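Everything on this sheet refers to the single structure shown next.
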Amino acid sequence: MEYVSPEGLRLDGRRPMEMRQIRGEIGVVDKADGSAVFEMGNTKVIAAVYGPREVQNRSQQMNDRALVRCEYTMANFSTGDRMRKPKGDRRSTEISLVIRQTMEACIMTHLMPRTQIDIFVQVLQADGGTRSACINAATLALSDAGIPMRDLVTSCSAGYLNSTPLLDLNYVEDSAGGADVTLGIMPKLDKVTLLQMDAKLPLDIFENVMQLAIEGCKAVATYIREVLLENTKQLEYRRGT
Amino acid sequence: MVGLSIGEKHLYRIDPRPINVKTGVISQANGLARVRMGATDVIAECEGITAANCAATRQRKGFINVDCSPTAAPMFEVHFYICFLLICCFFTSAGRGGKELSAELWWLFNVPLFVSGAGIDLSSLVVVEGKICWDLYIDGLVVSSDGNLLDALGAAIKAALSDTGIPRVNVAAGASGDEQPEVDVSDEEFLQFDTSKVPVIVTLTKAGKQYIVDATSEEESQMSSAVSISVNRQGHICGLIKRGGAGLDPSIILDMVSVAKTVSEQLINTLDSQIAAAEAGEDES
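Protein sequences appear in the order of chains G and H.
Just so you know, the first sequence maps onto residues 5 to 245 in our numbering.
Just so you know, the second sequence maps onto residues 4 to 288 in our numbering.
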């Protein structure tokens, strides 16, 4: 199947280096300490952060830093076919672990010892790149909760199909069998916190694809920063200063 | 809160919080609706899946399942469910997981929707009599919980049903008696449900001597018992559940039912106009 047409257009009309439309919004779940919605094309994800709060399970309490927990769930209706088991399956467990490790790297856990920070991510619509959307949503939610972080963490995926590096794969391109590189970076610090790939790629091509993913992450970071600044402005207006 | 306000004019707070309904489209056949009542935010999705071997006597033509997203509250996480049952035997509504909600919704919606055909036209679900029919799968997701989940879920299910389309099916002719006929599910044409007869749910929570409609979670934490009633447009009661540990005098229940009927009229009108507006907005975009 042709994923990149001879004119250089992908299946959904994008150029190879073009990302899907992204949209982020803060403060969607009123009860949570911080929450956000993040959309990348048709992938839509809600993240809610509860914390820092008292550790529920005393045995897991750490005296020198905060405990970060993460849970990833997909809604029954998020994919085209109705899913039977929204959480607890292997993929969800793996993604929960990945998101937790990524966010834990950037949260300043040493500032909040003996506490617990819960990050819950719920996928409402899945169209490829759910991992990345979850991390971006979690970053926004953590900022909304006011949890101190070293830097934002943004994530984007890139792949290689029809001899072309492609940025931000959707579900069809992801299931095509080509390589899928998911990258998470801290943009200001220029450090990679998440790197995953399936399938195989020659090393020089891998470098190109990874570089493309880094560009994508930086673009997402610019957008997220705008959203956060706009949110802060709104808060200032409401406070009346 | 009801107990604290001494100078209250109304005996019961019967104005519900403002409702906001949005219908979204994932694909044309799936009806998706998102309802916000104050801080309570729920999503319902309705999907038709073909099922084989449907005898006419088969009872279940639909399945309702509700999940509570952990984003709603950390207490909805699976491994907290057990400690909550121990601590909260008297607090019936705090931290109710998805299974309880699914069971209650099933109770309130099953007969009118799936058995008697009073809610929706069940004959539209049959493809080949006795062989193939559509099963309706309704999935609910609680995104944010600030009390009164049943009402919000009921409204969302009604909106989702309005938004659902059943694809037109072409049956291959010449199938013999016992064989499964071949069917061709159309991607283009859809039949919409007429949901004017689908009931809505009104929950009345009793705290002290007064009862309130559309309780927030703070108010629900103080309730002694609650009655959830599903009422349809004609004012007929389609289902009733009483929750909570305290006993209720029968006259109070009858009074609650009549209050629910009054409230439901307004609720149905608001919901219908919101659904129509949402679908009109969706058609434009």
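Positions of the beta carbon are idealized from the N, C-alpha and C atoms, including for glycine.
The model shown is predicted, which means the values in this text are computed figures rather than measured ones.
Taking C-alpha atoms, which residue in Cys-74/G, Asn-140/G, Asp-148/G, Leu-173/G lies nearest to Thr-158/G? Asn-140/G
Under 8 Å Cβ-Cβ, which residues of chain G neighbour Asn-33/H? Phe-81
Quick check on the DSSP output: the beta strand (DSSP E) that includes Ala-79/G runs from which residue to which? First-last for Ala-79/G: undefined, no H or E at that position.
DSSP state of Val-266/H, grouped into three classes? helix
Quick one: give me the first and last residue of the alpha helix (DSSP H) that Asp-34/G is part of. First-last for Asp-34/G: undefined, no H or E at that position.
Check the C-beta distance from Leu-198/G over to Val-102/G and give it rounded, since I have them as a contact under 8 Å. 7 Å
Pull up the distance between the alpha-carbon of Pro-73/H and that of Asp-44/H, whole angstroms please. 13 Å
Pick from Lys-35/G, Asp-16/G, Arg-27/G, Arg-57/G that is closest to Val-145/H, judged by C-alpha positions: Lys-35/G
Counting C-beta neighbours from all protein chains within 10 Å, is the total for Ile-209/G 16 or more, i.e. buried, or is it exposed? exposed
Nearest chain H C-beta to Phe-42/G closer than 7 Å, yes or no? no
Within 7 Å, strictly: CB atoms of Ile-52/H and Asp-138/H: yes
Backbone CA spacing between Val-231/G and Ala-283/H [nearest angstrom]: 30 Å
Closer than 7 Å, CB to CB, is Thr-219/H near chain G or not? no
For Leu-251/G, which residues in the same chain have their Cβ closer than 6 Å to its Cβ, ignoring the five residues on either side in sequence? One cannot answer for residue 251/G here, as it falls past the ends of chain G, which runs 5 to 245.
If you measure between the beta carbons of Gly-38/G and Asp-148/G, is that distance less than 7 Å? yes
List, in chain order, every chain G residue whose beta-carbon is nearer than 7 Å to that of Ala-42/H. Asp-34, Lys-35
Put Gln-215/G into one of helix, strand or coil per three-state DSSP. helix
Residue burial classification, Lys-134/H (beta-carbon count within 10 angstroms, cutoff 16): buried
Within a Cβ cutoff of 7 Å, which residues of the same chain sit near Thr-198/H, ignoring the five residues on either side of it in sequence? Ile-123, Lys-161, Leu-164, Ser-165
Name, please, each residue of chain G whose Cβ falls closer than 8 Å to the Cβ of Asn-68/H. Asn-80
Pick from Cys-49/H, Glu-50/H, Val-24/H, Glu-48/H: whose alpha carbon is nearest that of Val-38/H? Val-24/H
By Cβ distance below 6 Å, which residues in the same chain neighbour Leu-7/H in space, the five residues on each side in sequence not counted? Because Leu-7/H sits at a pLDDT of 42, beneath the cut-off of 50, its placement in the model cannot be relied upon, and the following sentence gives the value as read from the coordinates. Contacts found: none.
What span of residues does the alpha helix (DSSP H) with Gly-182/G cover, start to end? Here Gly-182/G belongs to no alpha helix (DSSP H), and DSSP marks it neither H nor E.
Closest by CA to Thr-226/G, which one among Gly-182/G, Leu-156/G, Gln-60/G, Leu-207/G? Leu-156/G
If we ignore side chains and look at the alpha-carbon of each, how far apart do Arg-118/G and Arg-95/G end up? 30 Å
According to the Cβ coordinates, are Ser-136/G and Ser-161/G closer than 7 Å? yes
Compute the Euclidean distance between the alpha carbons of Gly-182/G and Gln-215/G, then round it to the nearest angstrom. 17 Å
Give me the DSSP bridge partner(s) of Asn-23/H. Arg-39/H
Since Glu-58/G is in the beta strand (DSSP E), which residue starts that stretch and which ends it? 47 to 58
Within chain H, the residues that Ala-52/G reaches when beta carbons sit closer than 7 Å: Thr-74
Quick one: using the 10 Å Cβ neighbour count with 16 as the cut-off for buried, is Gln-126/G buried or exposed? buried
Using a Cβ-Cβ cut-off of less than 8 Å, give me the residues of the region 117 to 151 of chain H that come near chain G, in sequence order. Tyr-140, Asp-142, Leu-144, Val-146, Ser-147, Ser-148, Asp-149
Start and end residues, beta strand (DSSP E) containing Ile-215/H: 213 to 216
Between the region 126 to 148 of chain G and chain H, which residues of the former have a C-beta closer than 8 Å to a C-beta of the latter? Gln-126, Leu-128, Gln-129
For Ser-127/H, the first and last residue of its enclosing beta strand (DSSP E): Careful: Ser-127/H lies outside any beta strand (DSSP E) and carries neither H nor E.
Distance, Asp-258/H Cα to Glu-177/G Cα: 59 Å
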